[in-house]
Amino acid sequence: MNGLLDSAIEADSKNILLYLDPVHQVYNSGNGYSWQKRGKQGTKLIRTTSHNKRLNIIGALNPISLKITSIISESNCDKYLMISFFYEIKKEYADASQINIILDNASYNKAIILIETAKELGINLIYLPSYSPNLNLIERVWKFFKKKVMQSQFYPIFQLFFEAVITFFSNQENYRVELETLLTTKFEVMEAS
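Per my numbering, the very first residue in the sequence shown carries number 8; after that it's consecutive.
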């Protein structure tokens with residue numbers, strides 16, 4: 008991975024490195040941290056919805072520019088939605104000589120049609136070891152996203168929730184300073200004993 012990162016960092020590099028992963032965000036409130044005195048007095052109620060609706064957000068993080076390319080859908084995340092997203096990535100990075108995508112081993116990421124589409128588009132897929140979400144930088148983006156959009160927030164109707172998600176990704180430059188400290192590419196390499 009370090010070699011891919013080094014080639015993507017070069018000043019005039021046309022090699023692109025992306026960390027890709029979907030998040031399946033349920034339309035409901037998420038509780039942040041809070042403290043209160045013991046007993047009923049002072050108890051604050053947090054409103055929630057009773058809906059099971061959700062949005063599937065596929066994101067690809069460029070660790071150099073910190074740009075997040077995303078697609079937001081109410082439909083299930085499957086190989087066909089991933090293929091659509093690969094076309095979005097290719098359009099976003101049309102001038103790239105090589106696009107390298109680091110992703111997990113979800114079944115839709117291993118679908119033959121997806122792998123063939125990636126080859127046709129000149130996208131190189133690099134699979135992370137199983138059960139290693141800590142190696143995928145976009146997981147940090149999802150945690151940050153949930154903190155900004157979901158934590159202690161109540162959206163009375165689904166449309167307001169949807170708009171908050173769209174606003175987050177449309178205004179990602181507003182979060183640049185916070186993301187710079189969160190999205191460091193310095194991974195600690197540990198030797199097996």
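The beta carbon of each residue, even a glycine, is placed where N, CA and C say it ideally should be.
Would you say the beta carbon of residue i is closer than 7 Å to some non-hydrogen atom of the ligand PLP?
| i | result |
| --- | --- |
| Leu110 | With respect to the ligand PLP, the structure shown offers nothing to examine, as it has no ligands at all. |
Rounding to the nearest angstrom, what Cα-Cα distance links residue i and residue j in this structure?
| i | j | result |
| --- | --- | --- |
| Lys117 | Val184 | 35 Å |
| Leu88 | Ser20 | 29 Å |
| Lys154 | Arg147 | 11 Å |
| Tyr162 | Asn59 | 14 Å |
| Asp102 | Ser72 | 15 Å |
| Ala18 | Thr50 | Per-residue confidence for Ala18 stands at a pLDDT of 49, beneath the threshold of 50, marking its modelled position as unreliable; no derived number is given. |
| Ser104 | Ser159 | 43 Å |
| Lys44 | Leu132 | 52 Å |
| Ile65 | Lys150 | 14 Å |
| Leu25 | Ser77 | 12 Å |
| Lys126 | Asn83 | 24 Å |
| Ile119 | Ala67 | 20 Å |
| Ser137 | Gln48 | 47 Å |
| Leu6 | Leu128 | No answer is possible for residue 6: it lies beyond the span of the chain, which begins at 8 and ends at 200. |
| Glu180 | Ala171 | 15 Å |
| Leu52 | Arg61 | 23 Å |
| Pro203 | Ile23 | Absent from the model: residue 203. The displayed extent of the chain is 8 to 200, so no value can be given. |
Within 10 angstroms of the Cβ of residue i, are there 16 or more other Cβ atoms? Answer buried if so, exposed if not.
| i | result |
| --- | --- |
| Tyr94 | exposed |
| Thr188 | exposed |
| Ile130 | buried |
| Gly46 | exposed |
| Ser91 | exposed |
| Asn107 | buried |
| Leu144 | buried |
| Lys27 | According to the sequence displayed, residue 27 carries Leu and not Lys. Its Cβ being crowded by 16 or more others within 10 Å, Leu27 is buried. |
What distance in whole Å lies between the Cβ atoms of residue j and residue i, which are believed to be in contact at a cut-off of 8 Å?
| i | j | result |
| --- | --- | --- |
| Leu190 | Pro70 | 6 Å |
| Leu121 | Lys97 | Going by Cβ atoms, the distance from Leu121 to Lys97 rounds to 13 Å, so no, they are not a contact pair. |
| Ser80 | Asn63 | 5 Å |
| Phe175 | Val156 | 5 Å |
Pick out whichever of the options has its Cα sitting closest to the Cα of residue i.
| i | options | result |
| --- | --- | --- |
| Ile173 | Phe152, Ser72, Asn107 | Phe152 |
| Thr56 | Thr76, Leu62, Tyr34 | Tyr34 |
| Pro29 | Phe175, Asp111, Lys126 | Asp111 |
| Tyr134 | Ile65, Ser114, Gly66, Tyr182 | Ser114 |
| Lys193 | Leu142, Phe176, Gln179, Met157 | Leu142 |
| Ile164 | Ile119, Leu27, Arg54, Ser177 | Arg54 |
| Ser177 | Ser139, Ile75, His31, Leu27 | Ile75 |
Going by DSSP, what residue range makes up the beta strand (DSSP E) through residue i?
| i | result |
| --- | --- |
| Leu128 | Taken as a continuous stretch (DSSP letters only), Leu128 belongs to no beta strand (DSSP E), being part of the alpha helix (DSSP H) at 119–128. |
| Arg61 | 61–68 |
| Leu24 | 22–33 |
Is there a C-beta anywhere in chain B that falls below 8 Å from the one on residue i?
| i | result |
| --- | --- |
| Glu123 | No chain B appears in the structure shown, which is made up of a single protein chain. |
Taking residue i as part of the alpha helix (DSSP H), name the residues at either end of that continuous run.
| i | result |
| --- | --- |
| Ile145 | 145–152 |
| Ser91 | 86–99 |
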